[in-house]
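Peer 1: If you're matching positions, the sequence shown starts at 870 in our numbering and goes up one per residue. Where a beta carbon is used, it is the ideal one built from N, C-alpha and C, also for glycine.
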Amino acid sequence: MNEFPTGSHHEPQILRFPAASPAASADVTPSVEQETPSRSVLVFSPRPGARQLLADDVRKRGMSVCETDSPDAMLFHLSRQEFVCCIIDDADNVSRIQEVHAAIRSHSRAAQILCIVGEDSRWGRETVPTFECEVIERPYTAARFGAGLMSALKKGELIRENEKLRRQLLNRNLMDLVGSTPSMQSLRESIRIAADDDRTVLVRGEAGSGTTLIAEGLHRCSRRAGRPFLRIDCSLHSVETLEHQLFGDGTPDGFPGYLKLGEGGSILLDNVDTVALPFQKRLAQLLEQRAAAVLHGTQDGPNIRFIAATHGDLNRLAMDGRFRDDLLQHLSGITLQSPPLRVRRNDIPLLVEHFISQIALKEGRPPRQINSEAMRLLENHAWPGNVRELQNV
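(1) Kindly list the residues whose CB is nearer than 6 Å to the CB of I1173, restricted to its own chain and excluding five residues on each side of it in sequence; keep chain order.
(2) State yes or no: is the C-beta of S914 within less than 8 Å of the C-beta of M932?
(3) So who's on the other strand from F1098, going by DSSP bridges?
(4) Per DSSP, what kind of secondary structure is E904 in: helix, strand or coil?
(5) Mark A924 as exposed unless 16 or more other C-beta atoms lie within 10 angstroms of its C-beta, in which case mark it buried.
(6) On the DSSP bridge list, what partners appear for F913?
(7) What residues are listed by DSSP as bridge partners for V1070?
(8) Can you list, in chain order, the residues of its chain with a C-beta nearer than 6 Å to that of S1059? Leave out the 5 residues immediately preceding and following it.
(9) DSSP has Q981 in a bridge; who is on the other side?
(10) Assuming the contact rule is C-beta atoms closer than 8 Å, E1313 and L983 should be a hit. Round their C-beta distance to whole Å, please.
(11) Give the single residue among I1239, G1017, R1100, S1226 whose Cα lies nearest to the Cα of V1141.
(12) Who are V1163's beta bridge partners in DSSP?
(13) Apart from the five residues just before and just after T1080, which ones in its own chain have a Cβ nearer than 6 Å to its Cβ?
(14) Please confirm whether E951 and A980 have their CB atoms less than 8 Å apart.
(15) Considering Cα atoms alone, identify which of G1086, R1213, S1226, V912 is closest to H1250.
(16) Within a Cβ cutoff of 6 Å, which residues of the same chain sit near G876, ignoring the five residues on either side of it in sequence?
(17) Shorter than 8 Å from the beta carbon of P1218 to some beta carbon of chain C?
(18) Measuring alpha carbon to alpha carbon, tell me which residue in N1240, S1241, S1226 is nearest R1234.
(19) To which residues of the same chain is T905 closer than 7 Å at the C-beta, ignoring the five residues directly before and after it?
(20) Any idea if A1243 is buried or exposed, counting beta-carbon neighbours within 10 angstroms, 16 or more meaning buried?
(21) So E1222 is in the alpha helix (DSSP H); what residue range does that whole segment cover?
(22) Based on the DSSP secondary-structure assignment, which residues constitute the bridge partners of V986?
(23) With distances taken between CB atoms, is the gap from L1115 to A1153 smaller than 8 Å?
(24) Between G1077 and R1257, is the Cβ-Cβ spacing less than 8 Å?
(25) With a threshold of 7 Å on Cβ separation, who are the neighbours of H1106 within its own chain once the five nearest residues in sequence on each side are excluded?
(26) I'd like to know whether the C-beta atoms of R1068 and A1161 end up nearer to each other than 8 Å.
(27) Look up H1106 in the DSSP assignment and say whether it is helix, strand or coil.
(28) Which of the three DSSP states is assigned to F1148 in this structure?
(29) Just to confirm before moving on: does the CB-CB distance between G1025 and C954 stay below 8 Å?
(30) How big is the Cα-Cα spacing for A1145 and V1108?
(31) If I follow the unbroken alpha helix (DSSP H) through H1088, where does it start and stop?
(32) For R1185 and D926, I'd like the C-alpha separation in whole angstroms.
(33) Between which two residues does the alpha helix (DSSP H) harbouring L1046 extend?
(34) Tell me whether A1251 sits in a helix, a strand or coil according to DSSP, three-state version.
(35) Go through its chain and collect everything with a Cβ distance to N1215's Cβ below 6 Å, but skip five positions before and after it.
(36) According to DSSP, is N1240 helix, strand or coil?
In structure tokens:
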């Protein structure tokens, strides 16, 4: 029987999913004009006859088809091409359907999944709630197949349109991260991806490179954008003050702590490399509880997304015994790297224009101009203090 190859199981960072089945009859085929001929559908079935029927029906609807009877080939095609829909025949006999889901979703957020199962199979009823998959049971009519396929395609179109609108909003939310160099483009894309996740994020970068701006942009791009964004500078406080600020701990002043004040939002633990060992243990326990809640989809613990920022080398600190290994592990669910200014010198003119415009707006006067000689000096400077130093200049 066709099965997916054994191997390690990696949880995909971004997930979701739907499904359909075979047959072809012209009487229920929706108008081809409603479809875009360039759209492709992947049809997987270990049964040649069923696979052919499915492929023919899809082609009649104006879409191109890629057929496969091998899970390995299916994974190969998914890595090379985006499909609007993936039809999986005999899905109740695909022993590792989770990997089908993970492979499809890792390459496309909008591709829909339609699964065909046996009439008496309990797979659909038991699995659909977990994997968000639409199921068609054999035997089915051409009308049932057509309706399921069109429903899936419409859902995919809605997801694509929402993604387009969301990307426009994300671009506005990341306007403070000025720059057009490849390193900045890559950073913004990484932030967009991380915004869809809810795991703890570690932002690494040299002092002055914009780690706080990255954390703020990540919060604004996430579903938590309408909730509080709170920052704790760990380098400024003692262990007792940090515990009071984060947990509240029922102190006489009645301060509830950021865990309660930030409900539903994000907390930035800035300069987390400076946290003393006694507080690291409690912080590790908190993040472990939060990670378990995210993994299992429960509401245990605070409903807060944690972001940590560091200018230090946490791996080196852990090797030296100055930073807990378990805390480092919990902080490193997702890592974002802030590039130093010296590796993106081509962004300096954009940054200079941005800062001058900010100053002019604040002072209520027209922006000043920088001549070419002054700009050359700025571009050739080493900028050990990164963007913050440039802004101060």
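Peer 2: Quick answer:
(1) Cβ neighbours of I1173 beyond the five flanking positions: G1131, I1136.
(2) The answer is no: Cβ separation not under 8 Å.
(3) Answer by DSSP bridge pairing, in chain order: S1135.
(4) Only weak support is given to the placement of E904: the predicted model assigns it a pLDDT of 37, under 50, and the value that follows is read from those uncertain coordinates. In the displayed model, E904 falls within coil according to three-state DSSP, outside both helix and strand.
(5) Note on A924: 16 or more other CB atoms within 10 angstroms of its CB, so buried under the neighbour-count rule.
(6) Answer by DSSP bridge pairing, in chain order: T937, I957.
(7) I1176, I1203.
(8) Listed in chain order, the non-local C-beta contacts of S1059 below 6 Å within the same chain comprise L1205, local neighbours out to five positions each way being set aside.
(9) Per DSSP, C954.
(10) This structure does not reach residue 1313, given that the chain is present from 870 up to 1262, and the question cannot be answered.
(11) Comparing Cα positions, the closest option is R1100.
(12) In the DSSP output, where bridge partners are listed per residue, V1163 has none listed.
(13) Here the set comprises V1072, G1074, A1178, S1207.
(14) Note that the C-beta distance between E951 and A980 is below 8 Å.
(15) Nearest C-alpha to H1250: R1213.
(16) Low confidence applies here, because G876 scores a pLDDT of 36, under 50, leaving its location unreliable; read the following figure in that light. Cβ neighbours of G876 beyond the five flanking positions: none.
(17) Among the protein chains of the structure shown there is no chain C, as only one such chain exists.
(18) With distances taken between Cα atoms, R1234 lies closest to S1226.
(19) Residue confidence for T905 is low, a pLDDT of 38 falling below 50, so the modelled location carries little weight and cannot support an answer.
(20) Exposed: under 16 other Cβ atoms inside 10 Å.
(21) Start and end: 1217-1232.
(22) Paired residues: E1006.
(23) Going by C-beta atoms, L1115 is not nearer than 8 Å to A1153.
(24) For G1077 and R1257, yes; Cβs fall inside 8 Å.
(25) Same-chain partners within the cutoff: Q1114.
(26) Cβ distance not < 8 Å, so R1068 and A1161 don't count as in contact.
(27) In the three-state reduction of the DSSP assignment, H1106 falls in the coil class, being assigned neither a helical nor a strand state.
(28) Collapsing the DSSP output to three states places F1148 in a helix.
(29) Yes, Cβ-Cβ distance for G1025 and C954 is below 8 Å.
(30) One alpha carbon belongs to A1145, the other to V1108, and they sit about 7 Å apart.
(31) Counting along the chain, H1088 sits inside the alpha helix (DSSP H) bounded by residues 1080-1090.
(32) Cα to Cα, R1185 sits roughly 59 Å from D926.
(33) Where L1046 is concerned, there is no enclosing alpha helix (DSSP H), given that its DSSP letter is neither H nor E.
(34) Residue state, collapsed to three classes: coil.
(35) The answer, listed in chain order, is T1050.
(36) Coil, per DSSP.
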